[in-house]
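Just below is one structure, and these are the notes that go with it.
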Amino acid sequence: MQTADDEGIDEQKLLFLACIQGKLETAKFVVERLGANIEATIDDMGNTPLIFVSLQGKAEFRKPDGTTPLMEASQRNQLNVGGADIELADSDGHTPLTLAAFAGQLDFVRYLLAHGALINGTDIAGASPLHYAVFGRHLGVCSALVEAGIDVKQQAGKSGITALHAAYLANDLNIVKFLVEEAGADLEIRDATGRTALMGAASDGLADIVQYLVTKKARTDWKDENGITAIDYAEKNGHTEVVKILRVETPHNEL
Numbered sequence: 001m002q003t004a005d006d007e008g009i010d011e012q013k014l015l016f017l018a019c020i021q022g023k024l025e026t027a028k029f030v031v032e033r034l035g036a037n038i039e040a041t042i043d044d045m046g047n048t049p050l051i052f053v054s055l056q057g058k059a060e061f062r063k064p065d066g067t068t069p070l071m072e073a074s075q076r077n078q079l080n081v082g083g084a085d086i087e088l089a090d091s092d093g094h095t096p097l098t099l100a101a102f103a104g105q106l107d108f109v110r111y112l113l114a115h116g117a118l119i120n121g122t123d124i125a126g127a128s129p130l131h132y133a134v135f136g137r138h139l140g141v142c143s144a145l146v147e148a149g150i151d152v153k154q155q156a157g158k159s160g161i162t163a164l165h166a167a168y169l170a171n172d173l174n175i176v177k178f179l180v181e182e183a184g185a186d187l188e189i190r191d192a193t194g195r196t197a198l199m200g201a202a203s204d205g206l207a208d209i210v211q212y213l214v215t216k217k218a219r220t221d222w223k224d225e226n227g228i229t230a231i232d233y234a235e236k237n238g239h240t241e242v243v244k245i246l247r248v249e250t251p252h253n254e255l
């Protein structure tokens with residue numbers, strides 16, 4: 001069987017030409033039959049064939065994992081999506097908004113929201129765009145999503161974590177402060193194991209986050225489903241600074 005190399009054909013150039021001309025079927029043939037790489041950059045700006053497909057509005061051109069041109073564009077901050085379906089998700093349920101939020105592409109997030117992207121949609125794990133923005137540690141994106149009306153108290157699937165839980169997991173005090181002071185996060189929502197954000201931060205030894213949460217009156221005496229308190233977690237994991245903070249704040253009859 002002859003290959004593109006046998007015939008002296010540059011499959012990457014063929015793919016490039018097919019994409020800029022909007023020749024979807026040709027692009028599919030070059031990828032599927034000639035083995036062209038849809039991830040390879042094709043110009044000095046770092047654009048890939050998928051970006052050029054997105055400029056033609058060919059949202060149906062997917063990679064094997066279900067990723068569309070718009071999804072790749074969302075991670076690259078390429079704003080011209082050519083009329084592609086902004087709600088198409090990959091095999092894990094990630095939409096362009098989710099990917100843009102995680103990548104910290106604020107302009108693209110705003111663009112998608114302005115074009116009607118579903119703000120409270122979740123992936124297959126139940127995580128929202130806000131969860132992803134928090135895990136990516138992108139305060140500006142978090143602010144844009146909250147301003148657009150995202151549910152700050154939404155809990156993710158089986159884990160049950162909120163954006164505030166995600167903020168301590170990301171060890172980002174600034175986002176913790178934003179969620180509490182500007183977004184109205186609930187300090188006492190428990191995850192699937194019964195842990196509040198304070199318990200999780202104490203377990204991880206995050207003294208600055210623990211100190212902040214207790215100054216905001218987070219309950220230090222609450223127990224998770226196994227009867228373990230925040231101070232129990234801190235003591236168990238050897239976080240002496242956190243223990244000191246919590247001993248000052250925890251009622252003596254609860255120690």
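Numbering-wise (our numbering), the sequence shown opens with residue 1 and increments by one.
C-beta: ideal position from N, C-alpha, C; glycine also.
In this text the structure is predicted, and so the values were computed from the model without any measurement.
Through-space distance from residue j to residue i, alpha-carbon basis
| i | j | result |
| --- | --- | --- |
| LEU99 | GLY205 | 30 Å |
| GLY116 | HIS131 | 19 Å |
| THR196 | ALA218 | 9 Å |
| VAL242 | THR162 | 22 Å |
| VAL109 | ALA166 | 19 Å |
| TYR233 | CYS142 | 29 Å |
| ALA101 | VAL210 | 26 Å |
| LEU239 | LYS223 | It is worth fixing the name first, because residue 239 is His in this sequence and not Leu. Rounded to the nearest angstrom, the two C-alpha atoms are 18 Å apart. |
| LEU213 | ALA207 | 10 Å |
| ALA114 | HIS94 | 19 Å |
| PRO129 | LYS177 | 19 Å |
| LYS244 | GLU235 | 10 Å |
| GLU249 | PRO96 | 43 Å |
| GLY136 | GLY121 | 18 Å |
| THR215 | ILE189 | 17 Å |
Cβ pair residue i, residue j closer than 8 Å
| i | j | result |
| --- | --- | --- |
| GLY200 | LEU179 | no |
| VAL152 | GLY104 | no |
| ALA202 | ILE175 | no |
| GLY140 | LEU112 | no |
| GLY194 | GLU225 | yes |
| THR220 | LEU246 | yes |
Beta-bridge pairing of residue i - partner residues as DSSP gives them
| i | result |
| --- | --- |
| ALA156 | ILE161 |
Burial state of residue i (16 or more Cβ within 10 Å)
| i | result |
| --- | --- |
| GLY149 | exposed |
| ASP191 | buried |
| VAL134 | buried |
| ASP172 | buried |
| GLY227 | exposed |
| GLU182 | exposed |
| THR229 | buried |
Subject >> Three CB pairs or more closer than 8 Å across the stretch 149 to 159 and the stretch 123 to 132 >> reply: Remark: three or more beta-carbon pairs, one from each stretch, lie closer than 8 Å, so the stretch 149 to 159 and the stretch 123 to 132 are flagged as touching.
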